[in-house]
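Just so it is clear: in the sequence shown, position 121 is 121 by full-length UniProt numbering, and no numbers are missing. Note that CB positions come from ideal geometry on N, CA and C, so glycine has one too. Keep in mind it's a predicted model, so treat the numbers as computed, not measured. To start, the structure under review is shown below, and the notes come after it.
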Amino acid sequence: MAHEVRGVIARGKGEPVSVETVVVPDPGPGEALVQVRACGVCHTDLHYRDGGITDDFPFLLGHEAAGVVEAVGPDVTALAPGDFVILNWRAVCGQCRSCLRGRPWYCFDSRNAVQKMTLADGTELTPALGIGAFADKTLVAAGQCTKVDPAADPAAAGLLGCGVMAGIGAALNTGAVTRGDSVAVIGCGGVGDAAIAGARLAGAAKIIAVDIEDRKLEWAKDFGATHTVNSAKTDPVAAIRELTGGFGADVVIEAVGRPETYEQAFYARDLAGTLVLVGVPTPQMKIELPLLEVFGRGGALKSSWYGDCLPSRDFPMLIDLYLQGRLDLAAFVSETIALEEVEAAFDKMHRGEVLRSVVVL
């Protein structure tokens with residue numbers, strides 16, 4: 001039996017989103033039906049709305065979510081109705097060349113639901129990142145559901161589904177920050193602040209937050225930044241070097257996704273240091289660096305895909321840290337809103353007024 005629910009739809013490039021009736025089928029083999037409890041408003045959803053990812057309109061937006069399993073397909077054994085889950089967009093296949101090499105966090109063939117959710121007139125929807133969680137219920141691949149402790153607040157827990165996990169993972173997994181390291185984070189929105197929180201969890205001795213807005217730098221302090229640099233007023237490379245004995249940081253995390261900030265990150269790291277790109281660039285952006293500098297400075301230039309996370313490993317661990325009071329996921333929630341307020345939340349996010357607006361259902 002199909003389920004008629006409310007969902008946030010992007011019908012055309014740059015058009016305001018609307019709340020419409022969405023038809024969600026019962027789960028088939030390998031699928032799960034999830035009652036969405038909360039879903040964060042992420043920049044990726046805005047990119048979908050603006051046609052920056054694909055042009056497969058209409059989209060069912062929302063992907064940074066937590067909820068409760070309502071039903072599972074006939075062959076699903078690892079989930080059961082009533083399980084509290086965080087949704088993820090890396091449902092590990094276990095069979096691709098990366099999984100078979102023991103690197104499932106890079107899975108090249110992530111699973112999504114096979115059946116399509118539709119509008120009331122039968123028009124097929126493209127769910128954002130294979131999830132589509134700005135809805136009362138959504139249909140996903142069972143592997144996109146990661147069970148965690150149900151004591152967690154869904155509004156906070158769901159943020160691990162994308163931005164917060166991307167930032168924490170950029171520090172812990174991709175950057176391999178360890179105790180005593182110096183870390184600089186360029187860009188202090190939700191992902192950058194999560195990278196700061198991750199660096200603090202790892203025991204970094206010095207965490208330098210860089211942004212062009214003093215308000216965001218104040219937020220960064222709450223997540224563990226020991227020093228701040230306003231790059232609209234100060235050369236960030238010179239400032240980071242001065243704060244690290246003239247050498248540069250051991251790990252620099254670029255959470256903006258722009259050529260100029262990437263270049264800053266490149267020169268702000270110590271010799272043999274690590275640069276992690278977790279900010280998402282646009283297709284038109286290019287960088288130009290002297291190849292001799294790339295060779296001569298050594299170290300590693302890395303890109304972080306979803307914080308190189310393995311949901312089954314990382315989500316439960318981070319939720320445990322949250323429940324122990326060692327990771328303040330709730331601090332990322334700037335406001336809770338209704339489905340009808342998603343378009344306004346996009347505007348607030350674009351103006352840098354919030355870390356995360358979270359739809360609560």
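Asked                                                                                                                                                                : Found
Classify I131 as helix, strand or coil using the three-state DSSP reduction.                                                                                         : coil
Using a 10 Å radius around the Cβ and a threshold of 16 neighbouring Cβ atoms, would you call L217 buried or exposed?                                                : buried
So, is E353 buried or exposed, given that buried needs 16 or more other C-beta atoms within 10 angstroms?                                                            : exposed
Considering only the beta carbon of each residue, do A209 and V278 sit closer than 8 Å?                                                                              : no
Determine whether the beta carbon atoms of V252 and A268 lie at a separation below 8 Å.                                                                              : yes
Report buried or exposed for V294, applying the criterion of at least 16 other Cβ atoms within 10 angstroms of its Cβ.                                               : exposed
Who are A38's beta bridge partners in DSSP?                                                                                                                          : A66 and V360
Could you say if the segment 130-149 and the segment 68-83 meet the contact criterion of at least three C-beta pairs nearer than 8 Å?                                : yes
Just to confirm my understanding: we take G198, look at its own chain, exclude 5 residues before and 5 after, and list those with CB closer than 6 Å. What are they? : I168, A171 and L172
Can you tell which of I53, K286 and E213 has the C-alpha that lies nearest to the C-alpha of L129?                                                                   : I53
Ends of the alpha helix (DSSP H) at T138?                                                                                                                            : Per DSSP, T138 belongs to no alpha helix (DSSP H); it is in the beta strand (DSSP E), K137 to A141.
Compute the beta-carbon to beta-carbon distance between A10 and R49, rounded to the nearest angstrom, for a pair I have assumed lies under 8 Å.                      : 4 Å
Starting from S312, trace the beta strand (DSSP E) in both directions and tell me its first and last residue.                                                        : Per DSSP, S312 belongs to no beta strand (DSSP E); it is in the alpha helix (DSSP H), P311 to L323.
Report the three-state DSSP secondary structure of C107 (helix, strand or coil).                                                                                     : coil
Quick one: what does DSSP say residue 363 is sitting in, helix, strand or coil?                                                                                      : With the chain running from 1 to 361 in the structure shown, residue 363 is simply not present.
Does the beta carbon of P27 come closer than 8 Å to any beta carbon on chain D?                                                                                      : No chain D is present in this structure, which holds just one protein chain.
Based on DSSP bridge pairs, tell me the residues matched to D211.                                                                                                    : N230
For A120 versus S182, is the C-beta distance shorter than 8 Å?                                                                                                       : no
Could you tell me how far apart the beta carbons of A71 and I86 are, in whole angstroms, since I believe they sit closer than 8 Å?                                   : Not really, about 18 Å apart at Cβ, beyond 8 Å.
C39: beta carbon under 7 Å from a heavy atom of the ligand MG?                                                                                                       : In terms of ligand content, the structure shown is empty, and the ligand MG therefore cannot be addressed.
So the alpha helix (DSSP H) E124 belongs to, where does it begin and stop?                                                                                           : Per DSSP, E124 belongs to no alpha helix (DSSP H) and is neither H nor E.
Helix, strand or coil for D250? Go by DSSP, reduced to three states.                                                                                                 : strand
For V354, which three-state DSSP category applies?                                                                                                                   : coil
Name the DSSP bridge partner or partners of T118?                                                                                                                    : V23 and E124
Shortest alpha-carbon distance to residue 410 belongs to which of V360, A152 and L125?                                                                               : Missing from the structure shown is residue 410; the chain here goes from 1 to 361 and no further.
Can you tell me whether R200 is buried or exposed? The criterion is at least 16 other CB atoms within 10 Å of its CB, across all chains shown.                       : buried
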